[in-house]
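First the structure, in the form of structure tokens, and then the observations on it.
Residue numbers (the numbering used here), protein chains in the order written: chain A, 1 to 260; chain B, 261 to 424.
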């Protein structure tokens, strides 16, 4: 495959242009002004999508092989960004949960719900790519290693919070218990992060730009920012659903004559 | 107590429990009690009592020590932590990242002959990610090692030369 600079147009830019044309066409069909913009979060989605296409192209075809792992190391460009974003999203879950319990504002409760769900999806992506990465390099999909176990515990904890949330009927109680659960589950996130420093593990310690060659760092950064934009998009979309559900719950029941 | 004050109490309670749990895990004895692997030195410190117990040990593959015989799938190599060296004997091909100078975790038991018998070899990579140096062929290292051609493996891996 040719390097991305020598392509007539990069894959991300091509998709971006098509999407912009599609927005104008859709606006025209719906009778809006052609340049009417959709909701702000879709801008994040579009930028994220275009960037991740370019980032993955660079990761697959342009970035160098790794001196120990060879071609297999290219899965880094999915595995490492999903690890970073899992941590970032669950950190926000923790902050939103604390903010909800101290202020009682419903928007924080909805953001807790949105971030936990997106975080769990990212954590599952993290562990699936991790397993696929581990088999050809370490030699096994899974072992009872501190890093792997703590990551699984973290994921299950947050899934547990979602389960708890779905079981509580009263809205106020549900919000309170979700946030309390999220704060407790956040403990496992900190343990996951520090597991490679506290215990002996097969998993390497956190890498830094000092331990990673420049061309690899560049492609990792591009993919990390792309996934960050996509994550903002996912969380915002999920938050809209949560907010709509909350409005529905609070709406007074329809009058008898309407139902009849 | 109104709803608001109650929530704040819940928040403080959850933060206290979470913080205490974290402190207990990080500052407690768990790091010493729960050990994923030993070093060769730690294993040999236990003397005869270590024989026969199933344990994991981690060390570097001693350059030039690997012997692989394809006919009976027998793998022999030595691992070292710098102070102590243990001979490892196992069945089956090691993972593809296996090479001279790399860290491995082996699971098995120490025999009375001083040889560690293990059928599970896990390769431990460090946190460095670098492109191959000029003339280095990552894919060839393993192939050469498995053909029992240590010299070809050395040629293909400049990292092993630098590291040793």
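Glycine included, C-beta positions come from ideal geometry on N, C-alpha and C. Only a predicted model underlies this, so the values are computations on that prediction, with no experimental measurement involved.
To the nearest angstrom, how far is it from the Cα of residue i to the Cα of residue j?
i: residue 25 of chain A; j: residue 397 of chain B; result: 51 Å
i: residue 327 of chain B; j: residue 351 of chain B; result: 12 Å
i: residue 256 of chain A; j: residue 169 of chain A; result: 24 Å
i: residue 356 of chain B; j: residue 114 of chain A; result: 40 Å
i: residue 32 of chain A; j: residue 8 of chain A; result: 33 Å
i: residue 236 of chain A; j: residue 65 of chain A; result: 36 Å
i: residue 42 of chain A; j: residue 403 of chain B; result: 49 Å
i: residue 30 of chain A; j: residue 232 of chain A; result: 27 Å
i: residue 281 of chain B; j: residue 294 of chain B; result: 17 Å
i: residue 360 of chain B; j: residue 335 of chain B; result: 14 Å
i: residue 407 of chain B; j: residue 370 of chain B; result: 27 Å
i: residue 275 of chain B; j: residue 184 of chain A; result: 7 Å
i: residue 105 of chain A; j: residue 18 of chain A; result: 40 Å
i: residue 424 of chain B; j: residue 323 of chain B; result: Confidence is the limiting factor: at residue 424 of chain B the pLDDT is only 41, short of 50, which leaves the residue's position unreliable, though a coordinate-based value still follows. About 7 Å.
i: residue 199 of chain A; j: residue 150 of chain A; result: 11 Å
i: residue 89 of chain A; j: residue 36 of chain A; result: 31 Å
i: residue 107 of chain A; j: residue 56 of chain A; result: 35 Å
i: residue 263 of chain B; j: residue 173 of chain A; result: 10 Å
i: residue 159 of chain A; j: residue 74 of chain A; result: 29 Å
i: residue 98 of chain A; j: residue 211 of chain A; result: 35 Å
i: residue 272 of chain B; j: residue 153 of chain A; result: 23 Å
i: residue 92 of chain A; j: residue 394 of chain B; result: 44 Å
i: residue 320 of chain B; j: residue 206 of chain A; result: 20 Å
i: residue 316 of chain B; j: residue 124 of chain A; result: 28 Å
i: residue 140 of chain A; j: residue 312 of chain B; result: 24 Å
i: residue 400 of chain B; j: residue 209 of chain A; result: 28 Å
i: residue 167 of chain A; j: residue 157 of chain A; result: 15 Å
So is residue i buried or exposed if we call it buried at 16+ other beta carbons inside 10 Å?
i: residue 39 of chain A; result: exposed
i: residue 333 of chain B; result: exposed
i: residue 34 of chain A; result: exposed
i: residue 287 of chain B; result: exposed
i: residue 265 of chain B; result: exposed
i: residue 21 of chain A; result: exposed
i: residue 262 of chain A; result: Residue coverage of chain A in this structure runs from 1 to 260, which leaves residue 262 of chain A outside it and unanswerable.
i: residue 279 of chain B; result: exposed
i: residue 354 of chain B; result: buried
Determine whether the beta carbon atoms of residue i and residue j lie at a separation below 8 Å.
i: residue 147 of chain A; j: residue 196 of chain A; result: yes
i: residue 110 of chain A; j: residue 243 of chain A; result: yes
i: residue 270 of chain B; j: residue 101 of chain A; result: yes
i: residue 69 of chain A; j: residue 222 of chain A; result: no
i: residue 364 of chain B; j: residue 358 of chain B; result: yes
i: residue 142 of chain A; j: residue 131 of chain A; result: yes
i: residue 84 of chain A; j: residue 246 of chain A; result: no
i: residue 375 of chain B; j: residue 347 of chain B; result: yes
i: residue 385 of chain B; j: residue 127 of chain A; result: no
i: residue 116 of chain A; j: residue 161 of chain A; result: yes
i: residue 78 of chain A; j: residue 155 of chain A; result: no
i: residue 339 of chain B; j: residue 300 of chain B; result: yes
i: residue 94 of chain A; j: residue 13 of chain A; result: no
i: residue 3 of chain A; j: residue 62 of chain A; result: yes
On a Cα-Cα basis, can you pick out the residue from the options that is closest to residue i?
i: residue 179 of chain A; options: A/193, A/164, A/36 and A/18; result: A/164
i: residue 112 of chain A; options: A/254, A/52, A/131 and A/241; result: A/241
i: residue 86 of chain A; options: A/189, A/105 and A/259; result: A/189
i: residue 220 of chain A; options: A/46, A/23, A/53 and A/177; result: A/53
i: residue 299 of chain A; options: B/278, B/296, B/263 and B/288; result: No answer is possible for residue 299 of chain A: the residues shown for chain A start at 1 and end at 260.
i: residue 391 of chain B; options: A/16, A/83, A/214 and A/252; result: A/214
i: residue 341 of chain B; options: B/378, B/298 and B/382; result: B/298
i: residue 103 of chain A; options: A/175, A/226, A/128 and A/258; result: A/175
i: residue 60 of chain A; options: A/76, A/171 and A/245; result: A/76
i: residue 16 of chain A; options: A/51, A/6, A/5 and A/2; result: A/51
i: residue 48 of chain A; options: A/246, A/239, A/259 and A/226; result: A/226
i: residue 44 of chain A; options: A/228, A/156, A/136 and A/249; result: A/228
i: residue 249 of chain A; options: A/208, A/63 and A/171; result: A/171
i: residue 343 of chain B; options: B/354, B/329, B/330 and B/318; result: B/318
i: residue 238 of chain A; options: A/81, A/119, A/78 and A/79; result: A/119
i: residue 377 of chain B; options: B/399, B/400 and B/337; result: B/337
i: residue 285 of chain B; options: A/187, A/20, A/121 and A/156; result: A/187
i: residue 305 of chain B; options: B/325, B/277 and B/345; result: B/345
i: residue 307 of chain B; options: B/388, B/372 and B/267; result: B/372
i: residue 267 of chain B; options: A/81, A/136, A/234 and A/177; result: A/177
i: residue 262 of chain A; options: A/82, A/134, A/96 and A/136; result: The displayed coordinates of chain A run from 1 to 260. Any statement about residue 262 of chain A would go beyond what the structure contains.
Which partner residues of residue i appear in the DSSP bridge assignment?
i: residue 334 of chain B; result: B/329 and B/351
i: residue 29 of chain A; result: DSSP lists no partner for residue 29 of chain A.
i: residue 314 of chain B; result: B/369
i: residue 364 of chain B; result: B/319 and B/383
i: residue 376 of chain B; result: B/348 and B/370
i: residue 340 of chain B; result: B/320 and B/345
i: residue 389 of chain B; result: A/212
i: residue 70 of chain A; result: A/66
Counting only C-beta atoms, is residue i closer than 8 Å to chain C at any point?
i: residue 271 of chain B; result: Here chain C cannot be found, since the structure's protein chains are A and B.
Return yes when at least one heavy atom of the ligand HEM lies under 7 Å from the C-beta of residue i, else no.
i: residue 382 of chain B; result: This structure lacks the ligand HEM; in fact it carries no ligand of any kind.
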